[in-house]
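> Quick one: structure below, then a few questions.
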Amino acid sequence: MELAVKRSGITLAPIRHERVVRHRSHSHKEKVMSRTIAALVMIGLSFGVGRAYAQESSAGPARVEVTYMPAGAAYFTAKDNDPSFGNYGFGTAVTFNLNRFVGVEGELGAMLATSSDLQFGDLSTDTKAPNMLNYTVNIVASPWTGGSVVPYAAGGIGGLTMFERPSLGVSSDETFLTGNAGGGVKWFAPNRRWGLRGDYRFAMTKSKTDAPEFYGRDNRYAHRVYGGVIINMAR
Numbered sequence: 062m063e064l065a066v067k068r069s070g071i072t073l074a075p076i077r078h079e080r081v082v083r084h085r086s087h088s089h090k091e092k093v094m095s096r097t098i099a100a101l102v103m104i105g106l107s108f109g110v111g112r113a114y115a116q117e118s119s120a121g122p123a124r125v126e127v128t129y130m131p132a133g134a135a136y137f138t139a140k141d142n143d144p145s146f147g148n149y150g151f152g153t154a155v156t157f158n159l160n161r162f163v164g165v166e167g168e169l170g171a172m173l174a175t176s177s178d179l180q181f182g183d184l185s186t187d188t189k190a191p192n193m194l195n196y197t198v199n200i201v202a203s204p205w206t207g208g209s210v211v212p213y214a215a216g217g218i219g220g221l222t223m224f225e226r227p228s229l230g231v232s233s234d235e236t237f238l239t240g241n242a243g244g245g246v247k248w249f250a251p252n253r254r255w256g257l258r259g260d261y262r263f264a265m266t267k268s269k270t271d272a273p274e275f276y277g278r279d280n281r282y283a284h285r286v287y288g289g290v291i292i293n294m295a296r
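If you want my numbering, it's the 1-based position in the sequence shown plus 61.
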């Protein structure tokens, strides 16, 4: 729409209101579009951060875990005339997690004798205890899951082989039935590829009538601890 104004015979230039209206409308649309884009960017950033956090917080056990135990110790308590002694331990374990809460674990651990002031019978000098091999099948239960820190309870049965130590009257390898109960804590890295583990078990060895006098004629008890590195093998 154009308006022409005549004054004193002079025709003034037309006023183009349509252009002004269009310019204002275009500016308004740009502002709305800018605000929309900014809002979408903020939503996208929020979604991305939330998803990254969710991925990071999803750290936890995989379907199959392998634990390497480079350092551990077992302390066998005294019983009547049978002495107490301690062994250095290391080993490995494989855990198959049936679901988020329960898993089945097979464990193999060596317990090597260390120098100690072990006194038994007529021995009057420091003597090492026999080396041992422990192998068990355990049930591992984790009531609190979903994070990088997973506490658990565990227990199972298995065998303990005590290797010969003639100086202690152990002339051949002896195998005993064992049971254990305890628990620990697992920590998993955000990438779910590896983790760390600390474990404690209270173990019992069932007696045998034909066992050596040094160990096994009575039920024996032990406290065992270890620290391990977890590798998640299958998700």
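Don't be surprised by glycine CBs; every beta carbon is placed ideally from N, CA and C. Please read these numbers as outputs of a predicted model, since none were measured by experiment.
Taking buried to mean at least 16 other C-beta atoms within 10 Å of its own C-beta, is Glu166 buried or exposed?
Stepping through the sequence shown from its first residue, residue 166 is reached at position 105. With 16 or more Cβ atoms within 10 Å of its Cβ, Glu166 is classed as buried.
> Can you check which of these residues, Asn280, Leu159, Val198, is closest to Gly216 by C-alpha distance?
For the purposes of this step, residue 216 is taken as the residue at position 155 of the sequence shown. Nearest option by C-alpha distance: Val198.
> If you scan the stretch 219-276 from start to end, which runs of the beta strand (DSSP E) of 3 or more residues do you find wholly inside it?
Counting whole runs of 3 or more residues, the stretch 219-276 contains the beta strand (DSSP E) stretches 235-249, 255-266.
> Using the Cβ count rule (16 or more neighbours within 10 Å means buried), how would you classify Arg161?
Reading the sequence shown from its first residue, position 100 is the one you call residue 161. By the neighbour-count rule (16 or more Cβ atoms within 10 Å), Arg161 is not buried but exposed.
> In the DSSP assignment, what are the bridge partners of Lys140?
Residue mapping note: residue 140 aligns to position 79 of the sequence shown, counting from 1. For Lys140, which the question treats as bridged, DSSP gives the partners Asp143.
> Confirm, please, whether the CB-CB distance from Asp271 to Lys140 is below 7 Å.
Your numbering for residue 140 matches position 79 in the sequence shown. Your numbering for residue 271 matches position 210 in the sequence shown. The answer is no: Cβ separation not under 7 Å.
> Helix, strand or coil for Pro122? Go by DSSP, reduced to three states.
For the purposes of this step, residue 122 is taken as residue 61 along the sequence shown, with counting starting at 1. Coil at Pro122, not helix or strand.
> Report all residues from its chain with a CB closer than 6 Å to the CB of Gly244; omit the five preceding and five following residues, and keep chain order.
Counted from its first residue, the sequence shown places residue 244 at position 183. Here the set comprises Tyr213, Ala214, Ala215.
> Whose CA, out of Tyr282, Gly219, Gly220, lies closest to the CA of Phe263?
Taking the sequence shown and counting its residues from 1, the one referred to as residue 263 is at position 202. Ranking Tyr282, Gly219, Gly220 by Cα distance to Phe263 puts Tyr282 first.
> Decide yes or no for the touch test of the stretch 253-269 against the stretch 224-231: beta carbon pairs closer than 8 Å, at least 3 of them.
Touching, no, given that fewer than three Cβ pairs across the two stretches are closer than 8 Å.
> For the structure I just gave you, are there three or more beta carbon pairs, one from the stretch 200-208 and one from the stretch 218-226, closer than 8 Å?
Because the criterion of three Cβ pairs below 8 Å is not met, the stretch 200-208 and the stretch 218-226 do not touch.
> Of the choices Thr175, Phe151, Phe157, whose alpha-carbon is the least far from that of Leu169?
Locating residue 169 in the sequence shown gives position 108, counting from the first residue. The residue with the shortest Cα to Cα distance from Leu169 is Phe151.
> How big is the Cα-Cα spacing for Ile52 and Gly147?
With the chain represented from 62 up to 296, any question about residue 52 goes unanswered, as that position is not in the structure.
> Distance check for Thr153 and Val211, CA to CA, integer angstroms please.
Stepping through the sequence shown from its first residue, residue 211 is reached at position 150. Stepping through the sequence shown from its first residue, residue 153 is reached at position 92. If you take the alpha carbons of Val211 and Thr153, they lie about 19 Å apart.
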